Structure formats: structure tokens, C-alpha cells
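Asks:
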Amino acid sequence: TTTTTPDNGLSEINTYDAFKSPECKNRLEVLRSKSGIIQWQSPEKISDLLIFSTGSGLEGTTGETSYMLGHFTQGTYQGGDLILTIAGYDPMGPGFTYHIVRQGEKFTILGKYSSDALPDVPVVKKNVNLLRDEIFDISDLDFPGSLTASNGAKLARSAESGFFNRGLEIFCADNLIKVFVDSDAGDVYTDASSQPNGYGANAYFPKFGFYVKAADGSLVTYQLDVNFMGSDHIPLIIYSNGKKNTQEYSYQHLGGCGASQYLDVADVKLSDLIKIGETFNGQIIYTYKDSKAEDLQSTYDNLYVPEGQKKPSYSVFLTDYPIFFWQDPFGRFARFKNMRYQPMAECGKPVIYLYPEQTEKVSVKLNPAGGFTYSEPDYGSGWNVIADPKSNITNLADGKNYPYLFWEGRGGIYRTPDRGFVVEQKDIHIFLTDKLQQLGLNNKESADFMEFWEPKMQGSPYYFVTFMGNTVMDELAPLSITPKPDTVIRVLMDFTPLDHKIWVEGFNIRTPERKGFTVVEWGGVLRNDKIDKN
């Protein structure tokens, strides 16, 4: 349920139901147990479990939501209930998910199917007997690392964690089509359309993965193995002129701070295309028949040109094969884009401040999934610096001083969260001042943030603004620091210009406590698209 606040166009969630929000018309039937040890049922929300303490997550919640999944009919936990618990739910991250066995007053976390650790908040309530079993198997929830479709296509289990769906992606067959049946995994689905549908909590964004429903109602994702793409992102192609490809390409649609799709499927027809070569194993590749196709011209118009360099002519641009297409085993045309002509920085100016308790050597490792496009000082194989308690940083490689570490690049699979804030342009300064303080940034960090981002939020009457925290950033760009910090605050802002005010679900922010060796990182998403939705 939600309550709306008419004066600012925001709303706050008072209850959280992973199986009802976003709405889904087709969750499929309850799956039968292959193992025979569990009688599964449609997930049923439990309101009185309360294993964890209250006081975290959204205002008005317990910080914990649980669902009855089924009952053990035999084996170690015969007679017990299987429960899914989402604890410490936070709009800026997924919270923690646990599959828990309830036997009377005893609760056992099944480690193989749960978050690795308990959240800092909430903590286990007093007098609750909570155990952990790291070895118990539920074969109904185990899926193979790869699948082979009936047409011979190879699929690999996706490493993405589903963090944009609060730590557990719930299967929904809306907007999907079944493409084959696997003897182990069961029915396998993919996206039915290449077009997004809707906006907000019920929006559908095709990613073009392959999806299986697990017995507990969750989503298991696989992605297509593009067998002519090398690990170095260089497709093994011989063009019709005899030239061998040596350039890097991306076949994932790039948006936000990373890739927004497992496969960039284009809405094109074979009649729009012309053959330009073949892969090493004889598969045809194409490009646009019309050299002035809108897609090509848009790529050229938005071409990033480093300072001091000259933009190539359009004819030279075309000779570099900026875009080619490959028809996958399911009949879809996947678009491959030359990385030389991709926008340079999707993650806009992430900077990292280091505040050790005493002046000392610090090693910083960062691993954005899409690599770096720029760093200062030069990242090399990692930053090795001397930092003091005021984040005065000396880079050991060049001996120069820096106020922070600066990088740009791309992360992993990414989609703009649906929940956030709609802000009138005249209120941007006050809004950012307030929210950055809530997010845990100090005056210096907030001033640096606003100096860079506020000028970029001037051209539209309204803006949709949202923030993501540590969990999301740790997936997009894992960060490792030695010695280990006591406090890490990672903040990523995403904003979209609006032509007019829209209604979105808002959220409250829990301000982190800065203690001990503190690391702070802020950044944002560079995007130019406007939303014009009712």
C-alpha cells in the first residue's frame, strides 16, 4: 500500500511485498518438487515472524518481510516450514535474503540459498534461536551453470545478482515467451518484445536474457553465449574485403553506468541490411543498407572526441564498421557497436576520498565491469597512495598530490531504479543540499558534488532524481581497499530531465555513521534523454 503526498508528487511505501510489487499477471503455476522433500506453495506473506529487530529499512516497516514457501515432507527438516525472509530492506540496496527453516521456535538459515552474512541492521532479536546450515541442499533451487537450447544455442548462467529487484528477482511471465524446455531447468523464456513498456513500478524493460522460474518463485537468468566474441571483446570476423577485424565491440546496450541489456536486440529487418562479412565459423554479419540510417547518424553525431583531436569525417567513420548485426539462433538481430565510437563516460566523475585515522599507505583496487575510460591519477594496476585524515592524497607512482581519486568507466547490467524524487528545477540546489547530507557526505564532499552536477541540471523544468548506495555500486564497480576501512559510503546519483511533473514512489534515506577509517565515493550517471510520460 502507498500513501501519496500531493504537494510534492512523491509517495512513501508503508509495506513491501516482493511478490506483488511490481504487479504481475502471470507468475505461472506452483512448480512440483523434483527432490520430493518439499511441498511448494504460492508464496504467502507472513506478518508475525519478526526474527530481526525493528528500526531499519523504510519508515513504517519492521525492516523484515517474510513469505511462506512450503513445507518439508521428509528428510532432515521434515515437518518444518520453508520461509523466505528479506531483511534490512533499503531503497538504495537490496537488503539481505534468506531461506529459513522454521521448526517450532528454532530457525535455521540455509546457507547455500541465502546471503552470506547478517546485516548490520537489523540484528537478530533477543531470545531468537537462529542457526545456520551451510551444507543442506535443495535440488529444486539448484540450476546448471549452462544450458543448450533445442536449436543448439549455448546459454551461460548469469552472474548478475538481481540487486535492482531488492536482492531477489521474482519471476513474472508477463512480456515473456517460452523458447524451449530443458530437462533440468524446465521451461525457458525470453523477452517477447524489444520495446520498453510503461514507466515506474510496473515498467517493463527487456534485457534479452533467458529466464527460468525456480520453485520458490524467484528468477534464474541465463545469457546467450556469443561464440565468435573473444574475451578481449574483439569479434572474430573476416570482412568481405578480406580484412580481419581487430577492433573491440560491445553487444550489450550501454546505458546508465553500465550495460542495460544482456543482448542489444535491434528492431530491424533483413531487408534493411546488407552483408559485410562472416564470423570465423561462417555466420553472416550485416550492416545498414542505407549509409545514412538514423542509428549510424546518431552514433556519429554523439561521437566523443578527446580534447585536441579532430572528429573524423562521416565517410571515414563508416569505413570503421561502427555498427554491425548478427542474427542469433532465435532469429533476433543483435547489434554490435564499435567501442571506439561509444560515449566515453557513462559514470560521470566518480571520486573517492580516503580518510584514514592516521597518515598511512593505502592501496585501492577498483574493477568496473566495462573497464576504465579515464582515471586521475593513472590507475595502472591499482592506486597506491599515502593518505592523511583529511584526504590529502599523494600518489606514489608520480609523487603528485590529489584531493581524491577520480575515475570514469562502465559497470555491469544496469537499469535506472523506478523509485526516487521529482524535483522542480528551481529547487535542485536545496534538494541536493538536503539529500547529500542525509546520504552521509560532509560539507566539502557535498560542495564538490554540487559544483560538478548542479550545472548539468538546469535545462528542464523538472528532474527525476534517484540515488543508489553501496550494494549497487559494489556490483557495478567492486572496490577493494587495504587496509580495510571501517566505514564505506558509496553514492551514485541518476537523474532524468522531465518535460513536466510525474508521480513516482519515493523513499527515506538512512544516514550512515562515519567512524574509524572512512572512505567516501560519489558519482553520477550522465544521460541526456528526457521522459515525457503522463
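Offset between the sequence shown (1-based) and our numbering: plus 579.
All C-beta atoms, glycine included, are put in the ideal place defined by N, C-alpha and C.
Small disclaimer: the values here were computed from a predicted structure and weren't measured.
(1) Just mark residue 895 as buried or exposed, buried being the case when its beta carbon has 16 or more other beta carbons within 10 Å.
(2) Provide the residue span of the alpha helix (DSSP H) that contains residue 916, from first to last.
(3) Could you check the C-alpha separation between residue 655 and residue 630 for me, to the nearest Å?
(4) Based on Cα-Cα distance, which residue from 1013, 856, 688, 728 lies nearest to residue 713?
(5) Let me check one thing: in DSSP terms, what residues is residue 679 bridge-paired to?
(6) Is it true that the CB of residue 749 sits closer than 9 Å to the CB of residue 797?
(7) The alpha helix (DSSP H) with residue 1023 in it runs from where to where?
(8) Over the uninterrupted alpha helix (DSSP H) stretch that includes residue 1008, give me the two end residues.
(9) What are the start and end residues of the alpha helix (DSSP H) that includes residue 875?
(10) For residue 816, does the count of other Cβ atoms within 10 angstroms reach 16, so buried, or fall short, so exposed?
(11) With a threshold of 8 Å, are at least 3 pairs of Cβ atoms found where one atom belongs to the region 906-922 and the other to the region 1004-1021?
(12) Sorted by chain position, which residues of the same chain lie with C-beta nearer than 6 Å to residue 723's C-beta, five sequence neighbours on each side aside?
(13) Output needed for residue 965: all residues of its chain with C-beta closer than 8 Å, excluding positions within five of it in sequence on either side, in chain order.
(14) How long is the line joining the alpha carbons of residue 619 and residue 659, rounded to whole angstroms?
(15) Distance, Cα to Cα, residue 1097 vs residue 1087?
(16) Going along the chain, which unbroken runs of the beta strand (DSSP E) with 3 or more residues stay wholly within the region 1033-1086?
(17) Which first and last residues belong to the beta strand (DSSP E) in which residue 945 is found?
(18) Tell me which residue opens and which closes the beta strand (DSSP E) that residue 767 is part of.
(19) Find out if the Cβ-Cβ distance for the pair residue 758, residue 905 is shorter than 9 Å.
(20) Hey, out of 913, 664, 1077, 900, whose CA is closest to residue 1004's CA?
(21) With H, G and I counted as helix, E and B as strand and the rest as coil, what does DSSP make of residue 790?
(22) Could you round the C-beta distance between residue 930 and residue 849 to whole angstroms and report it? I think they count as a contact, below 8 Å.
(23) DSSP has residue 866 in a bridge; who is on the other side?
(24) For the alpha helix (DSSP H) containing residue 893, list its first residue and its last residue.
(25) How long is the line joining the alpha carbons of residue 1012 and residue 1025, rounded to whole angstroms?
(26) For the beta strand (DSSP E) containing residue 1090, name the first residue and the last one.
(27) On a Cα-Cα basis, can you pick out the residue from 1070, 1044, 1066 that is closest to residue 1055?
(28) Going by DSSP, which residues form a beta bridge with residue 980?
(29) Give me the Cα-Cα distance between residue 828 and residue 843, rounded to the nearest whole angstrom.
(30) Out of 1046, 679, 861, point me to the one whose CA is closest to residue 715's CA.
(31) Got a sec, what are the start and stop residues for the beta strand (DSSP E) residue 647 sits in?
(32) Compute the beta-carbon to beta-carbon distance between residue 1046 and residue 988, rounded to the nearest angstrom, for a pair I have assumed lies under 8 Å.
(33) Going by DSSP, name the residue or residues bridged to residue 931.
(34) Based on Cα-Cα distance, which residue from 865, 845, 846 lies nearest to residue 854?
(35) List the whole-angstrom C-beta distance separating residue 789 from residue 769, where the pair is believed to meet the contact cut-off of C-beta under 8 Å.
(36) Using 8 Å for Cβ pairs, my map puts residue 720 next to residue 677. What's the rounded Cβ distance?
Replies: In terms of the structure at hand:
(1) Residue 895 sits at position 316 when you count from the first residue of the sequence shown. Exposed, by the Cβ-count rule.
(2) On the sequence shown, residue 916 is found 337 positions in, with the first residue counted as 1. Here residue 916 belongs to no alpha helix (DSSP H); instead the beta strand (DSSP E) covers 912-917.
(3) As a working note, residue 655 is residue 76 in the sequence shown. As a working note, residue 630 is residue 51 in the sequence shown. So the two alpha carbons sit approximately 22 Å from each other.
(4) What you label residue 713 is simply residue 134 of the sequence shown in a count that begins at 1. Per the Cα distances, 688.
(5) Residue 679 sits at position 100 when you count from the first residue of the sequence shown. DSSP, once it has assigned bridges, lists 662, 688 as partnering residue 679.
(6) Counting from one through the sequence shown, the residue named residue 797 turns up at place 218. Counting from one through the sequence shown, the residue named residue 749 turns up at place 170. Taking 9 Å as the Cβ cut-off, residue 797 and residue 749 qualify as a contacting pair.
(7) Mapped onto the sequence shown, residue 1023 falls at position 444. From DSSP, the alpha helix (DSSP H) with residue 1023 extends over 1022-1032.
(8) Sequence index remark: in the sequence shown, residue 1008 carries index 429 (1-based). 1007-1017 is the span of the alpha helix (DSSP H), which, as asked, contains residue 1008.
(9) Along the sequence shown, one-based indexing puts residue 875 at 296. Residues 873-880.
(10) Taking the first residue of the sequence shown as position 1, residue 816 is located at position 237. With 16 or more Cβ atoms within 10 Å of its Cβ, residue 816 is classed as buried.
(11) no
(12) By 1-based counting over the sequence shown, the position of residue 723 is 144. Excluding sequence neighbours, residue 723 sits near 763.
(13) Reading the sequence shown from its first residue, position 386 is the one you call residue 965. Result list for residue 965: 938, 939, 940, 941, 972, 973, 975, in chain order.
(14) Stepping through the sequence shown from its first residue, residue 619 is reached at position 40. Stepping through the sequence shown from its first residue, residue 659 is reached at position 80. Rounded to the nearest angstrom, the two C-alpha atoms are 12 Å apart.
(15) To locate residue 1097, count along the sequence shown from 1; it is residue 518. To locate residue 1087, count along the sequence shown from 1; it is residue 508. Rounded to whole angstroms, residue 1097 to residue 1087 spans 23 Å at the Cα level.
(16) 1041-1047, 1058-1061, 1066-1077
(17) In the sequence shown, residue 945 corresponds to position 366, counting from 1. 939-945 is the span of the beta strand (DSSP E), which, as asked, contains residue 945.
(18) On the sequence shown, position 188 is the one that residue 767 refers to. That run of the beta strand (DSSP E) goes 765-770.
(19) Here residue 758 corresponds to residue number 179 of the sequence shown, with the count starting at 1. Here residue 905 corresponds to residue number 326 of the sequence shown, with the count starting at 1. No, the pair does not count as a contact, with Cβ atoms beyond the cut-off.
(20) Within the sequence shown, residue 1004 is the residue found at index 425, counting from 1. Closest option to residue 1004, Cα to Cα, is 1077.
(21) For this step, residue 790 is matched to residue 211 along the sequence shown. Here residue 790 sits in strand by DSSP.
(22) Taking the first residue of the sequence shown as 1, we reach residue 930 at position 351. Taking the first residue of the sequence shown as 1, we reach residue 849 at position 270. Between residue 849 and residue 930 the Cβ distance is about 47 Å, and since that is not below 8 Å, they are no contact.
(23) Locating residue 866 in the sequence shown gives position 287, counting from the first residue. In DSSP, residue 866 forms a bridge with 853.
(24) Numbered from its first residue, the sequence shown carries residue 893 at position 314. Its alpha helix (DSSP H) spans residues 893-898.
(25) Residue 1012 sits at position 433 when you count from the first residue of the sequence shown. Residue 1025 sits at position 446 when you count from the first residue of the sequence shown. Cα-Cα distance, rounded: 7 Å.
(26) The sequence position of residue 1090 within the sequence shown is 511, counting from 1. Careful: residue 1090 lies outside any beta strand (DSSP E) and carries neither H nor E.
(27) By 1-based counting over the sequence shown, the position of residue 1055 is 476. If we check each option's Cα against that of residue 1055, 1070 comes out closest.
(28) In the sequence shown, counting from the first residue as 1, residue 980 sits at position 401. Looking at the DSSP assignment, residue 980 forms a beta bridge with 973.
(29) Numbered from its first residue, the sequence shown carries residue 828 at position 249. Numbered from its first residue, the sequence shown carries residue 843 at position 264. Their backbone Cα atoms lie some 12 Å apart in a straight line.
(30) As a first step, residue 715 is located in the sequence shown; it is residue number 136 there, counting from the start. Taking only the C-alpha atoms, the option nearest residue 715 is 679.
(31) To locate residue 647, count along the sequence shown from 1; it is residue 68. Segment 643-651, the beta strand (DSSP E) holding residue 647.
(32) As a working mapping, residue 1046 is identified with position 467 in the sequence shown. As a working mapping, residue 988 is identified with position 409 in the sequence shown. The Cβ separation is near 19 Å, so there is no contact.
(33) As a working mapping, residue 931 is identified with position 352 in the sequence shown. According to DSSP, which records beta bridges pairwise, residue 931 is partnered with 984, 1100.
(34) For the purposes of this step, residue 854 is taken as the residue at position 275 of the sequence shown. Of the listed residues, the one whose Cα sits closest to residue 854 is 865.
(35) On the sequence shown, residue 789 is found 210 positions in, with the first residue counted as 1. On the sequence shown, residue 769 is found 190 positions in, with the first residue counted as 1. With 8 Å as the limit, residue 789 and residue 769 qualify as a contact, their Cβ atoms being about 5 Å apart.
(36) The residue labelled residue 720 in the question sits at position 141 within the sequence shown. The residue labelled residue 677 in the question sits at position 98 within the sequence shown. Going by Cβ atoms, the distance from residue 720 to residue 677 rounds to 13 Å, so no, they are not a contact pair.
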